[in-house]
Each structure stands twice: as structure tokens, then as C-alpha cells.
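Participant:
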Amino acid sequence: MREGFGALLHRIAALFRRRRLEKDLDDELRSHLEMAIELNVRKGMSPADARREALRSFGGVEQTKEIYRDQRGLPMIETTLQDLRFGLRMLRRSPGFSILAILCLTLGIGANAAVFSWIEGILFRPYPAVAHQERLVAIGGTSRDEPRGTPLSWPDFQDLQRSCTLCETVFVSKITGTTLSIGDRAERTTGSIVSANYFDAIGVHPILGRGFLPGEDIGQSAHPVAVISYQLWQGRFRGDPQIVGRTQRLNGVMHTIVGVAREGFYGTFVGWSMNFWVPASMEDIFESGGYKLEDRGARWIEAYARLKPGVTQQ
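Residue numbers for the sequence shown follow our numbering, beginning at 27 and rising by one.
(1) Is S307 helix, strand or coil when you go by DSSP?
(2) Does the beta-carbon distance from V253 to W298 come in below 7 Å?
(3) Could you give the C-beta distance for G285 and R236, rounded to a whole number, given that I count them as a contact under 8 Å?
(4) Please classify R115 as buried or exposed, where buried requires at least 16 other C-beta atoms within 10 Å of its C-beta.
(5) Rounded to the nearest angstrom, what separates A62 and Y224 at their Cα positions?
(6) Quick check: what's the CA-CA separation for V156 versus A74?
(7) If you draw a straight line from the C-alpha of V230 to the C-alpha of F291, how long is it?
(8) DSSP three-state call for Q257: helix, strand or coil?
(9) Which one of G167, K200, L162, L59 has the shortest CA to CA distance from I327?
(10) On the DSSP letters alone, give me the boundaries of the beta strand (DSSP E) that R214 sits inside.
(11) Which residues in the same chain have their Cβ closer than 7 Å to the Cβ of I311, if we skip the five residues on either side of it in sequence?
(12) Any beta-carbon of chain D closer than 7 Å to the one on A157?
(13) Contact between the segment 188 to 197 and the segment 331 to 338: three or more CB pairs below 8 Å?
(14) How would you label T273, buried or exposed, when you count the other beta carbons within 10 angstroms and need 16 or more for buried?
(15) Classify L258: buried if its beta carbon has 16 or more other beta carbons within 10 angstroms, exposed otherwise.
(16) Using the beta-carbon count (16 or more within 10 Å), is P240 buried or exposed?
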């Protein structure tokens, strides 16, 4: 019950950040496409063929956008808001309904006050179940062509892990998607590609099984394991107590489920609910452009750091 309520709050928050989320989604999809084109050109393709192949492997861009929009938002509420606007226009044409309109507005204001109270908690504590969120910071790279923060390469992340003296830990989390098939049902779902230290770094430990072991984020497609969300476990797997050790096909590859995340944890992307996590060694199964963990020029990951106690962002 609390898990479903938390997911609802995430989606409500997304309603008030649509422009920013839409821009972030466009930027991320464009970045993926450009990286895939660049990798295809390196393989010897012409620019036109490289773009055509990248679009083919990436799938329908607009379809992907619609999938993510549906997962992060509340289509039913958005439709309801449109209906309310239409209803208010009709009320203005009928003065006899003024009292009814006032009552509706009163109820609406009360509902808005409650919603904003919930959202206030989300904005100040955007990652449910993650401790000491005030010490979490996002890390971006820069280049001569792009002075603003850009994604990092996996070798960049490894350098940060070794050299950041102000950081308690550095970790990676990259949003991705897959088709989840169970029996005769198939649906698109959202998850994250993460570094092996992800769950330890954020201090969120699975309620069943384990997180990822050191080294499970290394080697091309070497570790087909996954941690699933509590809501996925309860919904699609009906709370099966023997879920750990079962296999599940993700993007056509069988993965062994090694853990179930705790109730109320939805990942580290505000406004999104993650349903699975896989180690970075499996990135070429979920991302276009081939294996990128050894390519310093492939900038595709979002890195985060937990600062040491007493260290500020300034």
C-alpha cells in the first residue's frame, strides 16, 4: 500500500516538472543517438548509413518518448485536468451554476494544498529510503565543445573512484528500458544500469537476496544478474518468496534475479519508478552502440558521489 502511494507521489511530482523532464528526455535520447552514430562511423559506415543503423537499432524515438511519458506521469489526471478546464468554460456561460463553481473551487484549493504538502516532501527528500541525501551530488564532465555538464565514460568513472578525495563513494546509475515478458504477458518497463557498488553507496539494501558483488560490473555481458523492485515482485511475481535464483528474460537475455529492493525504494531518478537494476557489464544488452565500458570517448553514464561528512558542495 505504501509502495503504491510512493509511486503515485513520484508521478504527481512529474506533472509539475513536465518541461524540464521533457527537455531532459530529449537531451538524453539525442545523446544516445549521436553516440550510436559516432560509433557506427568509427566502424566504417558512411554518415547516412551510420544514422540509419542507429535509428534502426534504437527503435522508434517517438514511441520511446511516449513509453517514458506514460511511466513517469499520470495520463488519467492530465486528461481530467483538460476536462476540468472545459467544464469551467461552460460554467462561465451559465451564471446559475456559480454556487456549484465556488464549491468546486473550494474543493480544488483544498486538494491542491494537500498535493503541494506531499510534493514538498518529495522535493526536499527526492529519493525515498536513501539516507543523508544532502550529501549526494551529481557529477558531469565537460569538453571543449560542450562546457556544460555532460555524461561521463566508464573509464572516467573509474578514475573518479580512485582519485576523488572529497568523496565517500562514487557510483553510477543510468536509466534504461526493457520489454518484460512473463507467461503470455509482455510490457515495457523502466530500470537502471548501475555500478556494482550502487546499493552499498546509497545505503539501500535488498530485503531478499543481495545487491551486486564487486566485479559484477566488469566484462562484456559477463554477469546477467538483476535486482528487481518491491512493486514488481509483488505485482508481476505475486510476492513469490522463492524469487531469488529465478531467471527472467530482459531484452532477450536471461537474467538471474539475485535480490528484491526494499519497499518504498524507486531508484535515484526523481519522478521515475525503477522496476529493475542490472550491473554495467550488461550495458550492451540494453543500450545501442555496442560495448562501451572500455571506450573513453563513449559518454553515456550519469555519475554521482556521496560527499564525506563535513564536505559541502561549495
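Don't be surprised by glycine CBs; every beta carbon is placed ideally from N, CA and C.
Facilitator: Per the coordinate set shown:
(1) Taking the sequence shown and counting its residues from 1, the one referred to as residue 307 is at position 281. Helix.
(2) Along the sequence shown, one-based indexing puts residue 253 at 227. Along the sequence shown, one-based indexing puts residue 298 at 272. No, they are not a contact pair.
(3) Residue mapping note: residue 285 aligns to position 259 of the sequence shown, counting from 1. Residue mapping note: residue 236 aligns to position 210 of the sequence shown, counting from 1. About 5 Å separates the two Cβ atoms, so the contact holds.
(4) Here residue 115 corresponds to residue number 89 of the sequence shown, with the count starting at 1. Exposed, because fewer than 16 other Cβ atoms sit within 10 Å of the Cβ of R115.
(5) Counting from one through the sequence shown, the residue named residue 62 turns up at place 36. Counting from one through the sequence shown, the residue named residue 224 turns up at place 198. Taking the straight line joining both Cα atoms gives about 26 Å.
(6) Start at 1 with the first residue of the sequence shown, and residue 156 comes out as number 130. Start at 1 with the first residue of the sequence shown, and residue 74 comes out as number 48. Their Cα atoms are separated by approximately 45 Å.
(7) Translated into positions along the sequence shown, residue 230 becomes position 204. Translated into positions along the sequence shown, residue 291 becomes position 265. Distance between the alpha carbons of V230 and F291: 8 Å.
(8) For the purposes of this step, residue 257 is taken as residue 231 along the sequence shown, with counting starting at 1. Note: Q257 maps to helix in three-state DSSP.
(9) Working through the sequence shown from its first residue, we reach residue 327 at position 301. Ranking the options by Cα distance to I327, first place goes to K200.
(10) Sequence index remark: in the sequence shown, residue 214 carries index 188 (1-based). Looking at the DSSP string, the run of the beta strand (DSSP E) that includes R214 is 211 to 220.
(11) One-based indexing of the sequence shown puts residue 311 at position 285. Within the same chain, I311 has close Cβ partners S247, N277, V279.
(12) The structure shown contains no chain D; it holds only a single protein chain.
(13) yes
(14) Here residue 273 refers to the residue found at position 247 of the sequence shown. Classification for T273: exposed.
(15) Residue 258 sits at position 232 when you count from the first residue of the sequence shown. Burial call: buried.
(16) Within the sequence shown, the letter at position 214 stands for residue 240. P240 is exposed by the Cβ-count criterion.
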